[in-house]
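Position one of the sequence shown corresponds to residue -14 (my numbering), numbered consecutively onward.
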Amino acid sequence: MSKKIVILFDLLEAPPPDQNYRDYEKDSVWDNEVSVKRALQRLGHEVVLIGVFNDITRLITELNEIKPDLIFNMVESFNNNRNLEPQVVGVFELLGIPFTGTRSLGLGICKDKALSKKILSHHRIRIPRWVVSHRSRPLRKIHDIKFPAFVKASHTEGSEGISKESFVESESDAIARAAFLHEKYESNVIIEEFIEGRELYMSVLGDKRLQCFPMREIVFQNFPEDEPKFATYKSKWDEKYRKKWGIRNEFARNLEKDVIKRAENMCKKAFAVLHLHAYARFDLRLNEQGELYMLEANPNPSITDYDDFAASGRKADIEYDELIAKLIDLAY
-14 MSKKIVILFD LLEAPPPDQN YRDYEKDSVW DNEVSVKRAL QRLGHEVVLI
36 GVFNDITRLI TELNEIKPDL IFNMVESFNN NRNLEPQVVG VFELLGIPFT
86 GTRSLGLGIC KDKALSKKIL SHHRIRIPRW VVSHRSRPLR KIHDIKFPAF
136 VKASHTEGSE GISKESFVES ESDAIARAAF LHEKYESNVI IEEFIEGREL
186 YMSVLGDKRL QCFPMREIVF QNFPEDEPKF ATYKSKWDEK YRKKWGIRNE
236 FARNLEKDVI KRAENMCKKA FAVLHLHAYA RFDLRLNEQG ELYMLEANPN
286 PSITDYDDFA ASGRKADIEY DELIAKLIDL AY
């Protein structure tokens, strides 16, 4: 049945008065929203685009006037602050409008990497050993973890702030990197043991009954053998850098059936304890001993028709439009 669906997304500035985004859609930065819009139209739905910047009153007014059957939620920030994403979703919940993706509770948990790690650890999901350097009380000494280590801000996403300098081999380098991230991102910092091995991504779809898609992997074809390999901001988003170093995302090869099964069980359990809903992607590391470690959970990952989630869905015989239709069904 045809529905009136609002695609809601965040903007870096106030939206145009008429909410006309034709010029925006020509930019590849908008591929995610455009992919979803076209799929919804092919499915026969009426689509309305709404951008939000920093005016929640205007958003509520527009939603009350449009009276959508559903919100396809693509919001990642409010007023350029990613930490406010769960609060925007809380507005949908208060208004009683069905929406796609994870609810405010799960988003809030995953926004705080330290909190999500505590929950995963409590439920005996293997993660790297870690400590927190609080912005208000930066660490001067690091205990309980071994080096080399990996340093990242606690409240950033999309590998923001992750570079070659995130890999540190000494306590002094870790403290210096943490100080840099404290200053740049005004955030607490996670310092965790670096897990040498393969970086895998598992996409999960569903609610109470979960489906795990075939795993993807980031490979570094032209990297020197002795250089640590992990996903930096540039290795994810800079196409020239990816081409230069032979970095690509592909389906993981030569995985033992036991490894796949353990990864599926790990991700399904994490999906539940982190209060995720509808769809998520999990970042994993697999070491030479066959041990799996969960690095992060990513609720509401990018679903551009060429991204990892959609590619994994197609490998599981779910074409893109069907995937979008399933996300709509899971909103209710």
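The C-beta atom is built at its ideal place from N, Cα and C for all residues, glycine as well.
- With distances taken between CA atoms, residue 91 lies nearest to 262 out of 313, 44, 262.
- Residue state for residue 9 is assigned as helix, using DSSP reduced to three classes.
- In this structure residue 2 is exposed. Its beta-carbon is surrounded by fewer than 16 other beta-carbon atoms within 10 angstroms.
- DSSP places residue 38 outside both helix and strand once states are collapsed to three, so it counts as coil.
- For the set 85, 196, 128, the Cα lying nearest the Cα of residue 301 is the one of 196.
- Selection 79, 34, 105 evaluated against residue 267 yields 105 as nearest (Cα-Cα).
- One Cα belongs to residue 55, the other to residue 289, and the distance between them is close to 20 Å.
- Residue 303 and residue 25 have their alpha carbons spaced roughly 15 Å apart.
- When C-alpha distances from residue 198 are compared across 174, 185, 275, the shortest belongs to 185.
- Leaving aside the five residues that flank residue -10 on each side, the residues in its chain whose CB is nearer than 8 Å to its CB run, in chain order, 25, 30, 31, 32, 33, 53, 54, 55, 56, 57, 313.
- In the structure shown, residue 72 falls within a helical segment according to DSSP collapsed to helix, strand and coil.
- Pairwise C-beta distances place the region 204 to 212 out of contact with the region 164 to 171, as fewer than three of them are shorter than 8 Å.
- When the five nearest sequence neighbours on each side are left out, the beta carbons in the same chain lying within less than 8 Å of the beta carbon of residue 139 are those of 97, 98, 99, 117, 172, 173, 174, 175, in order along the chain.
- When DSSP states are grouped into helix, strand and coil, residue 165 belongs to the helix group.
- Going by DSSP, residue 298 is part of the alpha helix (DSSP H) stretching over 293 to 300.
- Between residue 190 and residue 160, the C-beta gap is not smaller than 8 Å, which leaves the two residues out of contact.
- Counting only residues of its own chain and dropping the five nearest sequence neighbours on each side, residue 75 has a CB closer than 6 Å to the CB of 89.
- For residue -8, the enclosing beta strand (DSSP E) stretches over residues -11 to -5.
- Comparing alpha carbon positions, the residue from 271, 241, 35, -2 closest to residue 4 is 35.
- By the Cβ neighbour-count rule, residue 194 is exposed, with fewer than 16 other Cβ atoms within 10 Å of its own.
- Cα atoms of residue 108 and residue 8: separation of roughly 47 Å, rounded to the nearest angstrom.
- In the three-state reduction of the DSSP assignment, residue 244 falls in the helix class.
- In the structure shown, residue 206 falls within a coil segment according to DSSP collapsed to helix, strand and coil.
- DSSP, read as helix, strand or coil, puts residue 115 in strand.
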